[in-house]
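Visitor: Residue numbers (this note's numbering): 426 to 585.
Just so you know, even glycine gets a beta-carbon here, dropped at the ideal spot from N, CA and C.
I'd like to ask some things about the structure below.
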């Protein structure tokens, strides 16, 4: 694996950890606002993002590349309504999708088919992530203020 690709993958590890912190911060905010179901959902999302960082590090180790944890910048602390929280998360997932696309492009340029193949799993994952967040945002908008507690209860049922 080239140094350039290793550097980019390490950048993605940092981005995944930032995402984990973002969702954890959202969880804390939602909990404070009294939406414990949504807070639970976001904690699970945070753990999933940490898992993505670990998956990249494990892949790099298999390829004898050095995975590194870099400084993770501060994340936002407040967003407004629960719908605004999930809208922000949707935009963030779209950003992550662009980051993954850039990694796939780099792996192609570097002629690293193994890494390209590995990253396609993340491409597929991002399609699901964006669809999940978009669905939640759309449902929250349809539910309106009167249905927000129902949405809180439903999101709190998330198992993984």
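(1) Do you know offhand how far residue 500's Cα is from residue 441's?
(2) Grouping DSSP H, G and I as helix and E and B as strand, with all else coil, what is residue 501?
(3) Counting along the chain, where does the alpha helix (DSSP H) carrying residue 542 start and finish?
(4) Please classify residue 476: does DSSP put it in a helix, a strand, or coil?
(5) Residue 585 and residue 469: beta carbons closer than 9 Å?
(6) When the Cα atoms are used, what is the spatial distance from residue 504 to residue 513?
(7) Could you tell me the alpha carbon to alpha carbon distance between residue 427 and residue 485, rounded to whole angstroms?
(8) Please report the distance separating the alpha-carbon of residue 531 from that of residue 540.
(9) Which class does residue 532 belong to by DSSP, given the choice of helix, strand or coil?
(10) Please confirm whether residue 521 and residue 473 have their CB atoms less than 9 Å apart.
(11) Residue 510 and residue 451: beta carbons closer than 9 Å?
(12) Report yes if the CB atom of residue 463 is closer than 9 Å to the CB atom of residue 576, and no otherwise.
(13) From residue 495 to residue 434, what does the alpha carbon distance come to, in whole angstroms?
Guide: With the given structure in hand:
(1) Rounded to the nearest angstrom, the two C-alpha atoms are 12 Å apart.
(2) Look at residue 501 here: in three-state DSSP terms it is coil, with no helix or strand label.
(3) First-last of the alpha helix (DSSP H) with residue 542: 538–568.
(4) If DSSP states are grouped into helix, strand and coil, residue 476 belongs with the helices.
(5) A contact, by the Cβ cut-off of 9 Å.
(6) Approximately 8 Å, taken between the alpha carbons.
(7) So the two alpha carbons sit approximately 11 Å from each other.
(8) Per the coordinates, the alpha-carbon of residue 531 lies some 10 Å from the alpha-carbon of residue 540.
(9) Helix, per DSSP.
(10) Against a cut-off of 9 Å, the Cβ pair of residue 473 and residue 521 comes out as no contact.
(11) By the CB criterion at 9 Å, residue 510 and residue 451 fall inside the cutoff.
(12) Contact flag set, yes.
(13) Whole-angstrom Cα-Cα distance: 12 Å.
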